[in-house]
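In the numbering used here, the protein residues as written are 208 to 378.
For every residue, glycine included, the Cβ atom is placed at its ideal position computed from N, Cα and C.
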């Protein structure tokens, strides 16, 4: 079970009135989860796929690398019977701020939870919902064992119950 890292964030969630401080705290938590999921993110290029037995493949595409930021697309791809096109869901475009140790949701499309029809950047309530969804999703992916790359030499470490898994690079 996931522990609340920041009690004021939980209070903001329960009150239905998130504030900027709680949102920043949630973005820091997402950075921690992303660091466990992709510890070498600054050095990745292209598209990577994490495969776990009994789980949907997790796709990570590096869209942009800069000195202090990385822009990524994170998604599961579903292939439904009778559909010609595979469907990404959830499908998130994220900016990782390595210096500020935060992850910002730039765009989020998903059909599981009732977010507003389209993600309306930058309204606080919308950002809160999108980042809360991202936090839960990243935690879920870690619990399934998804991981890109190997343990970092220093910095964020994987939780003991989240073993490293093979990483496949798609050309």
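Integer Cβ distance of residue i from residue j, believed to fall under 8 Å
{"i": "residue 248", "j": "residue 277", "result": "6 Å"}
{"i": "residue 303", "j": "residue 241", "result": "6 Å"}
{"i": "residue 335", "j": "residue 225", "result": "4 Å"}
{"i": "residue 244", "j": "residue 341", "result": "Actually they do not touch by this definition, with Cβ atoms about 11 Å apart."}
{"i": "residue 230", "j": "residue 331", "result": "7 Å"}
{"i": "residue 296", "j": "residue 318", "result": "6 Å"}
The alpha helix (DSSP H) enclosing residue i, as first and last residue numbers
{"i": "residue 255", "result": "Not the alpha helix (DSSP H): residue 255 falls in the beta strand (DSSP E), residues 254-257."}
{"i": "residue 346", "result": "331-350"}
Proximity test, residue i beta-carbon vs the ligand NAP heavy atom, cut-off 7 Å
{"i": "residue 250", "result": "The ligand NAP is not part of this structure, which contains no ligands at all."}
CA-to-CA distance, residue j to residue i, given in whole angstroms
{"i": "residue 327", "j": "residue 228", "result": "With a pLDDT of only 49 at residue 327, under 50, the local geometry of the prediction cannot be trusted, and the value read off the model is given with reservation. Cα-Cα distance, rounded: 19 Å."}
{"i": "residue 281", "j": "residue 234", "result": "16 Å"}
{"i": "residue 262", "j": "residue 351", "result": "7 Å"}
{"i": "residue 260", "j": "residue 292", "result": "23 Å"}
{"i": "residue 285", "j": "residue 300", "result": "17 Å"}
{"i": "residue 270", "j": "residue 258", "result": "21 Å"}
{"i": "residue 305", "j": "residue 279", "result": "13 Å"}
{"i": "residue 310", "j": "residue 294", "result": "24 Å"}
{"i": "residue 273", "j": "residue 287", "result": "36 Å"}
{"i": "residue 289", "j": "residue 347", "result": "28 Å"}
{"i": "residue 252", "j": "residue 338", "result": "24 Å"}
{"i": "residue 371", "j": "residue 298", "result": "For residue 371, the pLDDT reaches just 37, beneath the cut-off of 50, and the residue's location in the model is therefore unreliable, although a value from the coordinates is still provided. Answer to the nearest angstrom: the Cα atoms are 23 Å apart."}
{"i": "residue 264", "j": "residue 343", "result": "17 Å"}
{"i": "residue 268", "j": "residue 250", "result": "12 Å"}
{"i": "residue 237", "j": "residue 345", "result": "7 Å"}
{"i": "residue 307", "j": "residue 283", "result": "27 Å"}
Outcome for residue i when other beta-carbon atoms lying within 10 angstroms are tallied against a minimum of 16
{"i": "residue 355", "result": "buried"}
{"i": "residue 266", "result": "buried"}
{"i": "residue 353", "result": "buried"}
{"i": "residue 275", "result": "exposed"}
Start-to-end residues for the beta strand (DSSP E) that takes in residue i
{"i": "residue 313", "result": "309-316"}
{"i": "residue 295", "result": "294-304"}
Just to confirm the assignment: which complete beta strand (DSSP E) runs, minimum length 3, are found wholly within the region 227-287? 254-257, 265-272, 276-285, all fully within the region 227-287.
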